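The structure appears right after this line, and notes come after that.
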Amino acid sequence: MTNATRQNQSGFFETIRPYVKGLIMIMSLVAIGYGFKAAGIGDMLDEQWVDAQVKGQGMNGYLLFVGMTCVLAAVGFPRQAISFLGGYAFGFVGGTLLAVLATTCGCILAFLYARIMGRSIVQRNFGKRVARFERVLANSPFVTTLLIRFLPVGSNLMTNLIAGVTHVRAIPFVLGSAVGYVPQTAIFALMGSGVQVDQTSQIAVGVILFVISGVMGAYLYRRIQLGQDLQKTSQDPKQQREEDEIMRDII
Numbered sequence: 001m002t003n004a005t006r007q008n009q010s011g012f013f014e015t016i017r018p019y020v021k022g023l024i025m026i027m028s029l030v031a032i033g034y035g036f037k038a039a040g041i042g043d044m045l046d047e048q049w050v051d052a053q054v055k056g057q058g059m060n061g062y063l064l065f066v067g068m069t070c071v072l073a074a075v076g077f078p079r080q081a082i083s084f085l086g087g088y089a090f091g092f093v094g095g096t097l098l099a100v101l102a103t104t105c106g107c108i109l110a111f112l113y114a115r116i117m118g119r120s121i122v123q124r125n126f127g128k129r130v131a132r133f134e135r136v137l138a139n140s141p142f143v144t145t146l147l148i149r150f151l152p153v154g155s156n157l158m159t160n161l162i163a164g165v166t167h168v169r170a171i172p173f174v175l176g177s178a179v180g181y182v183p184q185t186a187i188f189a190l191m192g193s194g195v196q197v198d199q200t201s202q203i204a205v206g207v208i209l210f211v212i213s214g215v216m217g218a219y220l221y222r223r224i225q226l227g228q229d230l231q232k233t234s235q236d237p238k239q240q241r242e243e244d245e246i247m248r249d250i251i
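Residues 1 to 251 in the working numbering are what the sequence shown spells out, letter by letter.
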């Protein structure tokens, strides 16, 4: 085999490598989702499962709950349901803490999975879109991520995956996610905890927490907007409009 042939083969493999990794990423996500659905794992996680497998099981119960819900959160299982079950199993405070831990672990898994497996293929095919998203997060990754998590809209899984294929630093993104998960997690953990308060009190507490979350989200959004306004004189107007559109898409 000549050197030219080897070089051609090497170039071919280098060219298709990102596509192979991207295909593996997509197929593995589909396989995981189908496997969970076929096994009925999502349907299995209810109060009866918690009673049988988690409650009264000591450290094994804690580890089983966090491990199971971490994996489920990583593949898109609703974190509100995880929070409810956490409150049901461990009470308001314990349920909130463990549900935040589990959903944050799920965030890390999805983020790293996308960064390792999907960055090349996504950057190659959606480079401009990813770059605009990255600019929005790069200015203040902790605060922007915090804002995204505070607001009760958007896809948790998609945010994790998209952030993973950018060059946004992992630590601010993960910390912003962990803190931003707390308000909604606390609300649903309270609902699942069976705290002995009347229904009116539960609704009032939930409303207060939602209001606090909304006020904090609005404050952070305004802060980001002010920061962008200060940069407008030195930033290309077209780029500014693109970043505004990305921010609206996120929230």
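Idealized CB from N, CA, C, for every residue including glycine. From a predicted model like this one, the values you see are computed outputs, not experimental measurements.
Within the segment 125-192, ranges of the alpha helix (DSSP H) (whole runs, at least 4 residues) | 141-150 and 156-165
Would you kindly work out how many angstroms separate the C-alpha atoms of residue 98 and residue 131, rounded to a whole number?
-> Counting from one through the sequence shown, the residue named residue 98 turns up at place 98. Counting from one through the sequence shown, the residue named residue 131 turns up at place 131. Using only the alpha carbons, I get a separation of about 34 Å.
Beta-carbon proximity of residue 53 to residue 64, cut-off 8 Å = Here residue 53 refers to the residue found at position 53 when the sequence shown is read from its first residue. Here residue 64 refers to the residue found at position 64 when the sequence shown is read from its first residue. Closer than 8 Å, so yes.
Have a look at 145, 100, 68 and 73 and flag the residue whose alpha-carbon is nearest the alpha-carbon of residue 183.
-> For the purposes of this step, residue 183 is taken as the residue at position 183 of the sequence shown. Checked all of 145, 100, 68 and 73; the closest Cα to residue 183 is 100.
Close Cβ partners of residue 74 (< 6 Å) along its chain, the five nearest in sequence each way excluded | As a position in the sequence shown, residue 74 is number 74, starting the count at 1. The answer, listed in chain order, is 106, 109 and 110.
First and last residue of the uninterrupted alpha helix (DSSP H) at residue 116 = Here the question's residue 116 lines up with position 116 in the sequence shown. From DSSP, residue 116 is part of no alpha helix (DSSP H); its letter is neither H nor E.
How big is the Cα-Cα spacing for residue 176 and residue 72?
-> By 1-based counting over the sequence shown, the position of residue 176 is 176. By 1-based counting over the sequence shown, the position of residue 72 is 72. Rounded to the nearest angstrom, the two C-alpha atoms are 20 Å apart.
So, helix, strand or coil for residue 50, using DSSP?
-> Counting from 1 along the sequence shown, the entry for residue 50 is found at position 50. DSSP places residue 50 in helix when its eight states are reduced to three.
What span of residues does the alpha helix (DSSP H) with residue 71 cover, start to end?
-> In the sequence shown, counting from the first residue as 1, residue 71 sits at position 71. Residues 59-74.
When you compare each of 119, 85, 185 and 189 to residue 162 by their alpha carbons, which one comes out closest?
-> Residue 162 sits at position 162 when you count from the first residue of the sequence shown. The candidate whose alpha carbon is nearest that of residue 162 is 119.
Check residue 210 in the structure and name its three-state DSSP category.
-> For the purposes of this step, residue 210 is taken as the residue at position 210 of the sequence shown. Three-state result, residue 210: helix.
Determine the DSSP secondary structure at residue 303, reduced to helix, strand or coil.
-> Because the chain is modelled from 1 through 251, residue 303 falls outside the range shown and cannot be assessed.
Residue from 208, 216 and 181 with nearest C-alpha to residue 80 | The residue labelled residue 80 in the question sits at position 80 within the sequence shown. It is 181 whose Cα lies nearest to the Cα of residue 80.
Using DSSP with H/G/I as helix, E/B as strand and the rest coil, what is residue 86?
-> The count along the sequence shown starts at 1 and reaches residue 86 at position 86. Helix at residue 86.
Residue 213 versus residue 144 - alpha carbon distance = Residue numbering aside, residue 213 sits at position 213 when the sequence shown is read from its first letter. Residue numbering aside, residue 144 sits at position 144 when the sequence shown is read from its first letter. Going by the C-alpha atoms only, they are around 14 Å apart.
Beta-carbon gap between residue 87 and residue 192 smaller than 8 Å = Here residue 87 refers to the residue found at position 87 when the sequence shown is read from its first residue. Here residue 192 refers to the residue found at position 192 when the sequence shown is read from its first residue. Taking 8 Å as the Cβ cut-off, residue 87 and residue 192 qualify as a contacting pair.
When the distance is taken between beta carbons, is residue 159 closer than 8 Å to residue 148?
-> Taking the first residue of the sequence shown as position 1, residue 148 is located at position 148. Taking the first residue of the sequence shown as position 1, residue 159 is located at position 159. Taking 8 Å as the Cβ cut-off, residue 148 and residue 159 qualify as a contacting pair.
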